[in-house]
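Below: the structure, in structure tokens.
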Amino acid sequence: MKILLALALLASCSHFKKPERTSRGLKIAWAKNQDTNYQSGNLNIALNSPLIKEGLVFVGHNDGHMMAYELQTGRTVWRKKDGDPNLYNGTPVFYKDHIIYGTNTGRVYSRHYLTGESKFIIDLGSSVDGKGVVHKDKIFFHLRNHKIFCLDAFTGKVLWAYRRSVPFLSTLQRVSTPLIVDNLAFVGFADGHIAAFKIEDGLMLWEQKLSTGTKFLDVDVSPIMIDDLLYSGSLAGPFTVLNPKTGEIIRQVDVTPTRPPIYTDNKFIFGTTSGEVIILDKVLNIVSRVKLSSRNVSSVVLFNGKIAASTMEGDLFLLDKKSLKILDKRYLGHAYSAVFGDISSDEGRMALLSSRNRLYIFK
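Each number in the numbering used here corresponds to the 1-based position in the sequence shown with 24 added.
Laid out in structure tokens, this is it:
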């Protein structure tokens, strides 16, 4: 009887269609485990970000090496020792045929992008937590000690520096990336202010306070310029539009972006500290929003005509660019797999480094 039932079940199963899996929008091309050997009581957390450029992926390894991988295959192209483990908090920047990046010891390195050969090393004295910005053969860095450096991008020579006095003890371990437009540098600071400097000599032209809170006032949302207006914000809110010539506040909206917004199709798209991705029109009206997480949406980028958004809970989402409909979702595989850094999207690939030191390349 049991045999007859089994045969009947097998026969009936032959009439069922196999489940058809829809094609995924987030396909992993390859991945690398960049974690160091575990030491009791010390969970190594990655805060840095990768860079896609010229068919390569550049990223700091948690064992103290800068790595260059082939974008298509993941093959190691070069590996150069910079120092002790847990060394990197920022992102490399590309300048001519070199990558330039900083470490949490305050050193800035310039290496040939194909060989890793060192061009220069300079010590700036404090952790380089952000990404440098190159403009007219100068490179600008914002350090954790609230200092701005302007260097000769070819030699590493210090051209000028500005030190901000920040009276608050409660600040975030992040810095904004300077924006360079028309020979002016716009920089947000941990005291809730944004300021404009002449890039020739570092002379401050104006400053404006964006947040009136009592702690975590950091203006870490790096400024962007759209149609001759300056957009920035503090993680304590709000998102602000300013006159770039005077610093006058033109408009504000009560949302708190975690990263600079994407500007596409005359709209702003960004993640928030409340776990949402929001679309604003040019006058800052909310067009669409979607809730992805109970924690921060850490990074939002354009990827193959869609929106990719990472969260502090270890999820990666693919969204429709107009409706914000969720098209795909991937869990990065660990309870501590947040994405603290930025996602790099270029050359048809997307690279991110999870806090658990896993480098993922999506296609």
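Note that CB positions come from ideal geometry on N, CA and C, so glycine has one too. Keep in mind that this is a model prediction, so the values were computed, not measured.
Please work out which residues of its chain come closer than 6 angstroms, Cβ to Cβ, to residue i, disregarding the five sequence neighbours upstream and downstream, and give them in chain order.
i      : result
MET228 : ALA219, PHE221
ARG380 : HIS358, TYR360, SER361
GLY149 : GLY130
HIS217 : GLU231, LYS233
VAL205 : MET249
ARG188 : HIS170, PHE213
TRP54  : GLY98, ILE385
PHE118 : LYS77
ILE223 : ASN207, ALA209
Quick check: what's the CA-CA separation for residue i versus residue j?
i      : j      : result
ILE293 : THR100 : 34 angstroms
THR179 : ASP147 : 13 angstroms
ASP87  : LEU111 : 8 angstroms
GLY271 : SER151 : 28 angstroms
PRO268 : GLN276 : 15 angstroms
LEU33  : GLY372 : At LEU33 the pLDDT is 34, less than 50, meaning the model places this residue with poor confidence and gives no usable figure here.
LYS239 : LEU259 : 10 angstroms
VAL325 : ASP339 : 14 angstroms
ILE302 : LYS143 : 42 angstroms
LYS349 : PRO262 : 26 angstroms
ASP215 : ILE69  : 26 angstroms
GLU94  : GLU78  : 9 angstroms
LEU175 : PRO247 : 20 angstroms
GLY49  : ASP225 : 47 angstroms
Could you say which of the options lies nearest to residue i if we only look at CA atoms?
i      : options                        : result
MET336 : SER323, GLU371, GLN58          : SER323
SER125 : GLU94, THR97, PHE364, PHE82    : Rather than Ser, the amino acid found at residue 125 in this sequence is Tyr. Among GLU94, THR97, PHE364, PHE82, the Cα nearest to that of TYR125 belongs to PHE82.
LEU208 : HIS89, ALA214, SER73, LYS160   : LYS160
GLU141 : MET91, LYS155, ASP108, LEU259  : MET91
LEU383 : LYS56, HIS85, ALA332           : LYS56
LEU241 : TRP102, VAL199, LEU253         : VAL199
LYS51  : ASN66, LEU351, TRP102          : LEU351
LYS155 : PRO116, PHE173, ARG168         : PRO116
THR288 : PHE327, LEU266, VAL321         : PHE327
ASN290 : ILE223, VAL311, SER298, GLY299 : VAL311
ARG354 : SER347, SER235, LEU316         : LEU316
PRO109 : ASN61, HIS122, LYS120          : ASN61
Counting along the chain, where does the beta strand (DSSP E) carrying residue i start and finish?
i      : result
ALA70  : Where ALA70 is concerned, there is no enclosing beta strand (DSSP E), given that its DSSP letter is neither H nor E.
GLN96  : No beta strand (DSSP E) contains GLN96, which DSSP labels as neither H nor E.
PHE240 : Per DSSP, PHE240 belongs to no beta strand (DSSP E) and is neither H nor E.
ASN290 : Careful: ASN290 lies outside any beta strand (DSSP E) and carries neither H nor E.
ASN137 : The sequence given here has Tyr at residue 137, not Asn. Run containing TYR137: none; DSSP gives neither H nor E here.
VAL265 : 263–266
LYS330 : 330–335
SER189 : Segment: none, SER189 is in no beta strand (DSSP E) and carries neither H nor E.
LEU80  : 80–84
LYS171 : 171–176
HIS122 : 122–126
ILE367 : Where ILE367 is concerned, there is no enclosing beta strand (DSSP E), given that its DSSP letter is neither H nor E.
Excluding the five sequence neighbours on either side, which residues of its own chain have a C-beta within less than 8 angstroms of the C-beta of residue i, listed in chain order?
i      : result
LYS105 : GLY88, HIS89
ILE286 : PHE292, ILE293, PHE294, VAL324, VAL325, LEU326, ILE331
When you compare the CB of residue i with every CB in chain C, is at least one pair closer than 8 angstroms?
i      : result
PHE263 : You won't find chain C in this structure, because it holds only one protein chain.
Tell me which same chain residues have a C-beta within less than 7 angstroms of the C-beta of residue i, skipping the five on either side of it?
i     : result
THR46 : No answer about THR46 holds up, because its pLDDT of 48 lies below 50 and its placement is not dependable.
ILE76 : LEU95, SER368, ASP370, GLU371, ARG373, ALA375
* Determine, using beta-carbon pairs with one atom in the stretch 133–141 and one in the stretch 183–191, whether at least three such pairs fall under 8 angstroms. => No contact exists between the stretch 133–141 and the stretch 183–191.
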